[in-house]
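Line by line, the protein sequences give chains A, B and C. Taking UniProt numbering, the leading residue of the first sequence gets 1, the next gets one more, and so forth. Taking UniProt numbering, the leading residue of the second sequence gets 1, the next gets one more, and so forth. Taking UniProt numbering, the leading residue of the third sequence gets 1, the next gets one more, and so forth. Note that beta-carbon positions come from the ideal geometry of N, C-alpha and C, so glycine has one too.
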Amino acid sequence: MPNLSDVTGRRILYGGDYNPEQWPEETWPEDIRLMKAAGVNSATLGVFSWSRLEPRPGVHDFAWLDRLMDLLHEAGIGVVLATPTASPPPWLGHLHPDTLPRDADGRTEWWGGRQHFSHSSTVYRRHAAAITEALAARYASHPALTLWHINNEYCTYDHGDEAATRFRRWLQDRYGTLDALNTAWGTAFWSQGYGDWAEVAPPRHAHYLRNPSQVLDFRRFTSDMLLECYTAERDIVRRHTPHIPVTTNFMPLWSGQDAWRWAEEEDVVSVDLYPDPRDPFGAQEGALVQDLTRSQARGPWMLMEQAAGAVNWRGVNHPKPRGLNRLWSLQAVARGADAVCYFQWRQSWQGAEKFHSGMVGHAGEHGRTHQEVVQLGADLARLGPHVAGGTVGAEIAVLHDWHAWWAADQEARPSTRVDHADVLRAWHRALWQGGLTTDFAHPEDDLTPYGVVVVPQLYALTDAAVDNLLAHVRGGGTLVCGFLTGVADMDDRIRPGGMDARLRELFGIRTLHEWWPLDADESADCDGFRGTLWSEEIEPDGTASETIPYQGGELDGLPAVLRKGSAWYLSTLPEPDALRDLLARVAADAGARPVLDALPADVEAVRRGDLLFLLHHGRDPVTVDVPGTHRELLTDTVVTDRVTLGRYGVAVLRDPEPAS
Amino acid sequence: MPNLSDVTGRRILYGGDYNPEQWPEETWPEDIRLMKAAGVNSATLGVFSWSRLEPRPGVHDFAWLDRLMDLLHEAGIGVVLATPTASPPPWLGHLHPDTLPRDADGRTEWWGGRQHFSHSSTVYRRHAAAITEALAARYASHPALTLWHINNEYCTYDHGDEAATRFRRWLQDRYGTLDALNTAWGTAFWSQGYGDWAEVAPPRHAHYLRNPSQVLDFRRFTSDMLLECYTAERDIVRRHTPHIPVTTNFMPLWSGQDAWRWAEEEDVVSVDLYPDPRDPFGAQEGALVQDLTRSQARGPWMLMEQAAGAVNWRGVNHPKPRGLNRLWSLQAVARGADAVCYFQWRQSWQGAEKFHSGMVGHAGEHGRTHQEVVQLGADLARLGPHVAGGTVGAEIAVLHDWHAWWAADQEARPSTRVDHADVLRAWHRALWQGGLTTDFAHPEDDLTPYGVVVVPQLYALTDAAVDNLLAHVRGGGTLVCGFLTGVADMDDRIRPGGMDARLRELFGIRTLHEWWPLDADESADCDGFRGTLWSEEIEPDGTASETIPYQGGELDGLPAVLRKGSAWYLSTLPEPDALRDLLARVAADAGARPVLDALPADVEAVRRGDLLFLLHHGRDPVTVDVPGTHRELLTDTVVTDRVTLGRYGVAVLRDPEPAS
Amino acid sequence: MPNLSDVTGRRILYGGDYNPEQWPEETWPEDIRLMKAAGVNSATLGVFSWSRLEPRPGVHDFAWLDRLMDLLHEAGIGVVLATPTASPPPWLGHLHPDTLPRDADGRTEWWGGRQHFSHSSTVYRRHAAAITEALAARYASHPALTLWHINNEYCTYDHGDEAATRFRRWLQDRYGTLDALNTAWGTAFWSQGYGDWAEVAPPRHAHYLRNPSQVLDFRRFTSDMLLECYTAERDIVRRHTPHIPVTTNFMPLWSGQDAWRWAEEEDVVSVDLYPDPRDPFGAQEGALVQDLTRSQARGPWMLMEQAAGAVNWRGVNHPKPRGLNRLWSLQAVARGADAVCYFQWRQSWQGAEKFHSGMVGHAGEHGRTHQEVVQLGADLARLGPHVAGGTVGAEIAVLHDWHAWWAADQEARPSTRVDHADVLRAWHRALWQGGLTTDFAHPEDDLTPYGVVVVPQLYALTDAAVDNLLAHVRGGGTLVCGFLTGVADMDDRIRPGGMDARLRELFGIRTLHEWWPLDADESADCDGFRGTLWSEEIEPDGTASETIPYQGGELDGLPAVLRKGSAWYLSTLPEPDALRDLLARVAADAGARPVLDALPADVEAVRRGDLLFLLHHGRDPVTVDVPGTHRELLTDTVVTDRVTLGRYGVAVLRDPEPAS
């Protein structure tokens, strides 16, 4: 299979979405000139061009795209060519209203925005296949073509009638019989027993709580339908260009796609990444998404979209302060990206995203943002030969699974304050703050590469996943596990005892009496720290090697944290510093060391290949101890024993051979 | 008519909803074993079993229920048998979409949850009657059958077309002519004059405010339609088993049912009660609902549902701390309950309520929650012979009326901060804190049993109700009346002067100039206390015996509180301590004494029959003075002059003959 | 054309909406008696009387209205006669469901409230024309008729199918070709190119952001459709009574109507005004609306609706404290009103607005509110001959444009905290607090009457408007301009450079690098004050005469405020005192003086004709220096050099000839 290195070679891809049909054609040569000056080597075309490419059903206009492809090729800029199927032309919805999605309330999602397509619509799929076929046929041998980009940010739900039909078919495939479905969904409760497949429907608006297993399966179904849309288009382009890799861009940590499953169907894993420039944890959010994407890619990955400055969809949209775009871009490279791209090259002057920044903003060529884009282009060109293709090593794996998330994130649960993604963020941030590099893994993945496995929260686990965790500990590995893990099976059926019995035994828990979720004004004092969000009334079985008790309150004296050998269980969420320190200690005990010791606060250190990236997320200069002599690649200077980083400063050191 | 004592005898019923069809049949003997060990003597079957009992239209499967009834009977456990009509099987909505309710926005409420039935659907009613008929015929003579439980928590609205048809018919019955309807609804305003019955519809989504009298009648209609559903099923079961009492379970203080009217149609009044274990006023909420339910029952009543631990529908669902389940259960007994039951026996492992606790929780037999259930079973068994059938006396009546609530709780009113139920809570809580036992009564009820009548707020009053209040005062009774009382008639037509003239005369009010509702950041200083929520610009007529003035602000010097003889009017809501003290003084003046004097804070005292219940709602031990010698029934010990209550402690004293 | 002075003569109109069909006819003589006693000389009839006037389609009942017209005429009270078309009878929606509007979600807006008419419905328009025709024919020569009031508070949107048809037709008129529409809407983005007019629709619910130019045009269309409804009825009444002026009442600062355009079609400009009595800036809100309405009227205007006391549609509805109704009414007169009217004469006793106060409230004749109404009637009668027809002069113009507002107020913009109306309020309030009287003007209006032009924010400007601003400055005028001005053209297309180039040149801005919107917890320190809401990264071109820099933060040293000659640009919103002082300084430099110097806080001074109004918005007495000798008209006394104003006090001084 082709892959990202076929595209990048020893370069870092640099560029972004390019939608020049928004401007008069006279603008295009100006774009090319600026791209070349900025070191741009990649442009993504056609993401939202369907109505331009097929203005009437079956009538194509490729001439403008021909000219663009040629123009870019002449300029030495490769093209990521998108199928335009994320936004059908108005004629499709008008001629075929059934191609429009319906939400759970029955509201139609009209055209006039984007993504107004039902993943389940046969008519939509046929038209999407046709435009994909035409596009692939036309550009299969165009020399500018480097990568296929299918659709864009797959993210739609549909509760309409055609979706209902496909949902039934999907359920028939999954369960075979209605009896099996009734068992899996627990329909004996609330008189929901289905006697005919025709009765089964998406979880539409209801008087009161909807069946959670039905909701869970509907999420699986949605991910699968979107994946069918993707693979159908992928297979078409692959038939025309077996040598050209294919991707579709994920939304970071979006709950709608089982990204582990999707990544298997991609040649290149790519992601869109938009931390809030004003979020004090923006860098950590980035690191999380980057680690997750790298783990999905199992190697270098593509940052498909980021913003050079502000986005337009938050309540208050802050620009990126001087240096931040460069810092966060190099952070992505440090964590495995071989492509740094943006939405979009030139900021729109009309339409719904005209306040979303571009590599060329409204301020134009002389705008600060563009000037920084130019500088970054030079940096990436310098780094490319050293870094492209390089791998990032990690001794720690964080487990994540979309199915567990879908099962946990439902109506009527113990605490709506427990947000699966936020718990993940809290744990990954603690590891980041401890200077520990982490991979992500699926709970059934091979865990032998990792000395330490961390489970922030996996509400639902398969038996195989439980086996996997047990084998990891039995094999000498360390496991740290947060609350609400192993509670349910994959049908969302509570395990006897409220938590998998083998896990309880693993941690030394006799009885999990009650969950004590904590409200916003509550916390749980523990010996040495405060717990937040959650606590538990646990009766230990006496086999634990170590416990940290709750202090005061209803749980006084009961274990907040249990360790039994190398297996840890945390029944609360320690406040950030405490979680960081605990994980640092656990990692150290397991021999997993920070990238650098004694890093100043705000400095992130990552090793990629034989390079050491130092990324400074603060504004005041700091000095970092890096014993030995190194070459700093961005400045092409030699540094000895220490390096000083200015505001948002980055150093990329060619590492001497590790001492150990 | 049969009643609750036919079921209880000299026992307290103890048990809960039992939905064993959720588990493999092997679980059932285990359930029986645990029930017996816990002293359970009642199980409610079939609440949500329709799709199991009638898997296809007209096809019945009773065999499993036969086995369960037999099993329970053999174990000596009585069965409360429910008609399963609160959750129709999927086939009903699928075959007959018109049986599904529509909300005011036109959204369908689909199956997949529960209560997805239109109360107005003739097809639904026909199917509900058929399954009720089949159930009643089959189990009429089963020896386990003790009580019929019709449907569950009736609570649905429907704005659809069949509801519109029935609404018109209901209005025709009520008004006879369109002229009368137009007059009652004040349709001369905003050009709403109806010229044809076909034009009249439920109050659906509108551009701006909807007609409040229409909304009021729609609420009456809804209560009546639900009641028709109830009585239709009741009449069926009664025909088969005239000797078996019938109930349906109320939701506490839910606004949708005129519970005074409903209670008349029940043999047993039952209620569901779920105070938040973390609510500092949870016990007072319980006391209110218990007093209200007892008053509706005019005698012993049934606590049909409570939670052994946490519920699942709040944002954060706290479990019950050790002892609280027992405390609140015994509080219900103290206030007249002869049945203490739960939703549900065994906590679900699947479905929408799997995080709602059970008498046997996920932690199982050895879980703390179940252990406390066992202990409570023993306590109830001990108390039963002494308490069952006993009555609770009260010298004070709090007046409440759903129609007044419905009229007050509308769009576009003086203050959305004035919540009818919260005002009721504030007044009842003040009486509770004063140690005063209260009944509830309807404003037209005979008030002669009560020395003191309290009206927290009755925005709308009939002329007969005004007569009743006047007669009460004329007869030497004391009346304490809160603001926004007697403002409107039962069509929601404002009384001349903004408040009934005879009430104004009763309290010594010449002119009610303006309402001054108070915002969240406002209060009204009065002589001796602060008023909250509301204030009024009143011109007294000089006949008051006593006034407490506002101090400062626009109302400086005007009366906040007026007393004329034994009639009190409060134009503001005094802060809690002030309201407690004021009501205590008024009660004392009227000769209504607290159950015990000088009770420690947090201790509740209630007399039932010849028993004195002392309930300690705090966690630190307290000592209560109880002069004389008593037998404490829970411990079977003798106590003299004082009794010490530990955390959440309860004492039930056999009272020596009252001194007076 | 007839105008307001034809109605008023040398009186101030005083009265209000009169809907006596709500009460038995016996009430009417009582109403007349009270009106006369209160000095009421105008009554508005028929605003919501359609179902009474036409109880069945085509069947009219005018007899009751005949009697009312006669009764009022006999009492010497003129009638403002309304077409009743704001609230169609139930039969219209019932017979013609297509006359009901649909919101963007597809929800029908049913009858039972008001304004349940689709502006686009041909059937509605036909019925509205018919009742208007019948009404006009009947009362054309009635001597009580003084003014026509068309419909009421036009404010409806419709996204239904007939609206879609008219929208397409409106767009065809505007753009001629689909190409032109595609260009104007920027449909090249997100694949929205329309290939057939039939595909174009209102901006209905969409998966993600809707096209902002489509939304903008839909707002224009909505204003135009409503205007068509208005002019159609106006033309009918005008045909019958060419001598009787016509109005429709605006909602103050409501965004739905282009009131500049509408005012051109009215003989009398009228407005409804409901500041919150508890809002500390209620008086400033009033002043803003009054200045805006006066500017639309280009002379005296009509206060069509205000409340004598509380309204009913806020969360908490406060009454007006003693004196406030008089104060705010006289403020309107000071700022140009020749009519002071209310909704409504007698407070409803039924229906959706029964808690909205009336000139005769629920407390009746002896209620405080009515007593104050009587006093105000006497005051107005006293002032009428001196003030009616008088003009208010202003040297400062504030520019406002609904199209700019519509373009700015969209989804996905830089900051949802920037509310166009609130920015306008902040600037007008600063001018008010500086004692500066202002007119409002459209950006393309002749600005030569004004020494100072203030642009709080005009996100979109036409080229002609930019020319106008430039010409103003070139002609020696002063311009003060807030941020987010001149950003877009009238299609909502961003101007090159992110702000009109000629404006940038005017202010000395080379590059507008980035917007830095400020979050609720942010501010921007500047030299001498704090900026709020917004800040900008500006590179000046070195031509500015004066700058005020940002201090600290990312923008340290960059200009917050630029002045180049007499053109000022503010890239942030200074906190209130700073904005007041800055504008006062700018005005003073331009020779625009406050009405009076050294006014006490809370005292407003306005000159109208040769009268000086002093309005005291505080509760503690203050003394105002007014050098010279004046006659105070309300008390008919002579005051020399100073006048003392009590709580909410007003003095109206006949001004000696101005010294300058």
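{"Asked": "Any C-beta of chain C under 9 Å from that of W190(B)", "Found": "yes"}
{"Asked": "Closer than 9 Å to chain C by CB, D519(B)", "Found": "yes"}
{"Asked": "Cβ neighbour criterion (16 or more within 10 Å) applied to D556(C)", "Found": "exposed"}
{"Asked": "Cβ of D105(C) within 9 Å of any chain A Cβ", "Found": "yes"}
{"Asked": "Contact list for the segment 193 to 220 of chain B against chain C, Cβ threshold 8 Å", "Found": "G193, Y194, G195, D196, A198, E199, V200, A201, P203, R204, H205, A206, H207, Y208, L209, R210, N211, P212, S213 and Q214"}
{"Asked": "As assigned by DSSP and simplified to three states, the class of V311(C)", "Found": "coil"}
{"Asked": "Per DSSP, cross-strand counterpart(s) of G482(A)", "Found": "L570(A)"}
{"Asked": "Cβ-based neighbour list, M490(C), same chain, cut-off 7 Å, excluding 5 preceding and 5 following", "Found": "H403, A460 and T462"}
{"Asked": "Burial state of G9(A), where buried means 16 or more other Cβ atoms lie within 10 Å", "Found": "exposed"}
{"Asked": "Among R314(C), W301(C), E554(C) and H116(C), the one whose alpha carbon lies nearest that of D272(C)", "Found": "W301(C)"}
{"Asked": "Members of the segment 303 to 328 of chain B that neighbour chain A once the beta carbon cut-off is set at 8 Å", "Found": "G309, A310, N312, W313, G315, V316, N317, H318, P319, P321 and R322"}
{"Asked": "Near-chain C residues of the segment 489 to 523 of chain B (beta-carbon distance less than 9 Å), N- to C-terminal order", "Found": "D491, D492, R493, I494, R495, P496, G497, G498, M499, R510, T511, L512, H513, E514, W515, W516, P517, L518, D519, A520 and E522"}
{"Asked": "CB contact flag (A352(C), F189(B), <9 Å)", "Found": "yes"}
{"Asked": "Helix, strand or coil at residue 745(C) [DSSP, three-state]", "Found": "Shown here, chain C extends from 1 to 660; a query on residue 745(C) therefore has no answer."}
{"Asked": "DSSP-derived helix/strand/coil call for D341(B)", "Found": "At residue 341(B) the sequence reads Cys, which differs from the Asp that was named. If DSSP states are grouped into helix, strand and coil, C341(B) belongs with the strands."}
{"Asked": "Beta bridge counterpart(s) of residue 661(A) as assigned by DSSP", "Found": "Beyond the ends of chain A as shown, which are 1 and 660, falls residue 661(A); an answer cannot be given."}
{"Asked": "Within 9 Å, strictly: CB atoms of G76(C) and A43(C)", "Found": "no"}
{"Asked": "For P449(B) and A332(B), the rounded distance between their alpha carbons", "Found": "23 Å"}
{"Asked": "Residue span of the beta strand (DSSP E) that contains C526(C), given as start and end", "Found": "A524 to C526"}
{"Asked": "Proximal residues to V360(A) (C-beta, below 7 Å), its chain only, five neighbours per side dropped", "Found": "L34, W345, R346, Q347 and H370"}
{"Asked": "Buried versus exposed, by CB contacts within 10 Å (16 or more), D597(A)", "Found": "exposed"}
{"Asked": "Counterpart residues of Y18(C) in DSSP-defined beta bridges", "Found": "L45(C)"}
{"Asked": "Span of the beta strand (DSSP E), counted from its first residue to its last, around K564(A)", "Found": "P559 to K564"}
{"Asked": "Beta carbon proximity, T369(A) to chain C, threshold 9 Å", "Found": "yes"}
{"Asked": "Cβ contact check for the segment 43 to 63 of chain C and the segment 189 to 208 of chain B: 3 or more pairs under 8 Å", "Found": "yes"}
{"Asked": "Cβ-based neighbour list, A659(B), same chain, cut-off 6 Å, excluding 5 preceding and 5 following", "Found": "For A659(B), the pLDDT reaches just 47, beneath the cut-off of 50, and the residue's location in the model is therefore unreliable, although a value from the coordinates is still provided. Closer than 6 Å at the Cβ level, and outside the excluded window around A659(B), lies no residue."}
{"Asked": "Beta-carbon contacts of residue 670(B) that lie in its chain and below 8 Å, excluding the five residues immediately before and after", "Found": "No information on residue 670(B) is available, as it lies outside the stretch 1 to 660 that chain B covers here."}
{"Asked": "Cβ separation of A408(B) and H420(B), assumed to be a contact under 8 Å, to the nearest whole Å", "Found": "5 Å"}
{"Asked": "Which of helix, strand or coil DSSP assigns to V7(B)", "Found": "helix"}
{"Asked": "Closest Cα partner of V387(A) within the set R102(A), L330(A) and S213(A)", "Found": "L330(A)"}
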